[in-house]
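Residue numbers (our numbering): 219 to 509. Glycine included, each C-beta is placed from N, C-alpha and C at the ideal position. This report concerns only the one structure given below.
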């Protein structure tokens, strides 16, 4: 299993358009220390470093197939930049635009693209994620939508995949366990979520070789959120920013909770101070892992 981080940022990405904050400026023009650390991670910093909107490519060496997790609005840029094949299938974790709206790129690029998503009806939208994908992209004849039941494993691109509910109010959202049956390699993805993930879902996500864990902002930023921070640790530091995203502390604690062998924090915003935004455990676009 080869995992490529195509997009590791939040809804605006880093650098953010027309933003001159220290983090965005450092991303556009990395200093030599950051360039050296980025190269050590197998990323070419020419032109700066980037966190585009979230997406992950997973290649199956055994079957020669590839699977795409979420379709970023930056789809075209990501696939031009990275030497990964177009996917044989895709999974959508939830219907927010930064995870779904790249599906429009399927026009003229695919003869067929099966898209898998959860079948639970969301009480807010009145439809499941699968139905939401179909209703938004009903004009794409090449896209077929396949509804899947959470906690029931299914096979796609040669992987055994399990969708698990996480906590991202007000909409339903799902994390993923992806296992390569021949080797037993496991990738876990938390999905967009606060720290309070149901125990059953945590159990499914536990024990991965690599976990991609959502962490949008540093804990100190919670004082600026209208709802503050929640799910505090023993020192009173919030692990959830507001109600629906983990802080960096929350992401690191969550990675420990699910006993991942390795992890990267993803879906990270440009608001993280420049001296912390490029820590080695926070993912960057173009980073690759072989499991």
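Problem - Collapsed DSSP secondary structure at residue 318 in the structure displayed - result: helix
Handout entry: Residue environment, residue 228, which counts as buried when at least 16 other CB atoms sit within 10 Å
Key = buried
Problem - contact_flag[the stretch 275–291, the stretch 369–387] where n(CB pairs < 8 Å) is 3 or more - result: For the pair of segments examined, the stretch 275–291 was found to touch the stretch 369–387: the number of CB pairs separated by less than 8 Å reaches three.
Handout entry: Backbone secondary structure at residue 403 - three-state DSSP
Key = Three-state result, residue 403: coil.
Problem - Candidates 313, 309, 315 and 508, of which the one nearest residue 362 by Cα - result: 309
Handout entry: Sheet register partners of residue 236 (DSSP bridge)
Key = Beta-bridge partners of residue 236 (DSSP): none assigned.
Handout entry: Spatial distance of residue 290 from residue 408 (CA atoms)
Key = 17 Å
Exercise for the section: With residue 484 as the anchor, note down where its beta strand (DSSP E) starts and where it stops. Expected result: Unbroken beta strand (DSSP E) run through residue 484: 481–484.
Exercise for the section: Can you tell me which of the three DSSP states residue 259 falls into? Expected result: coil
Practice task
Leaving aside the five residues before and after residue 480 along the sequence, list all residues of the same chain whose C-beta is less than 8 Å from its C-beta, in chain order.
Solution key: 427, 428, 429 and 507
Problem - Enclosing alpha helix (DSSP H) for residue 295 [first to last residue] - result: That run of the alpha helix (DSSP H) goes 293–299.
Problem - residue 366, buried or exposed, once every other Cβ within 10 Å from all chains shown has been counted against 16 - result: Burial check for residue 366: the Cβ neighbour count within 10 Å reaches 16 or more, so the residue is buried.
Practice task
Give the secondary structure of residue 497 by DSSP, where H, G and I count as helix, E and B as strand, and everything else as coil.
Solution key: Three-state DSSP puts residue 497 in coil, outside helix and strand.
Handout entry: Whole-number beta carbon distance between residue 410 and residue 463, since they are thought to touch under 8 Å
Key = 7 Å
Problem - Contact between the stretch 326–336 and the stretch 295–314 (3+ Cβ pairs under 8 Å) - result: yes
Handout entry: Span separating the alpha-carbon of residue 360 from that of residue 314
Key = Cα to Cα, the separation comes out at about 22 Å.
Handout entry: Buried/exposed call for residue 264, threshold 16 Cβ in 10 Å
Key = Exposed.
Handout entry: the stretch 243–260 contacting the stretch 313–327, beta-carbon criterion three pairs below 8 Å
Key = no
Exercise for the section: Compute the Euclidean distance between the alpha carbons of residue 373 and residue 389, then round it to the nearest angstrom. Expected result: Straight-line measurement puts the Cα of residue 389 at about 26 Å from the Cα of residue 373.
Exercise for the section: Specify, as a first and last residue, the run of the alpha helix (DSSP H) that residue 426 falls within. Expected result: Premise fails: residue 426 is in no alpha helix (DSSP H) and is neither H nor E.
Practice task
Select from 297, 488 and 356 the residue whose C-alpha is nearest the C-alpha of residue 238.
Solution key: 488
Exercise for the section: Return the bridge partner residues of residue 378 from the DSSP annotation. Expected result: DSSP, once it has assigned bridges, lists 373 and 397 as partnering residue 378.
Handout entry: Anticipated Cβ contact below 8 Å, residue 510 with residue 383, distance rounded
Key = With the chain covering 219 to 509 only, the question about residue 510 has no answer from this structure.
Handout entry: For residue 494 and residue 448, the rounded distance between their alpha carbons
Key = About 21 Å.
Handout entry: Residue interval of the beta strand (DSSP E) (run including residue 331)
Key = 331–336
Practice task
Check the C-beta distance from residue 501 over to residue 482 and give it rounded, since I have them as a contact under 8 Å.
Solution key: 4 Å
Problem - Proximity below 8 Å, CB of residue 312 to CB of residue 442 - result: no
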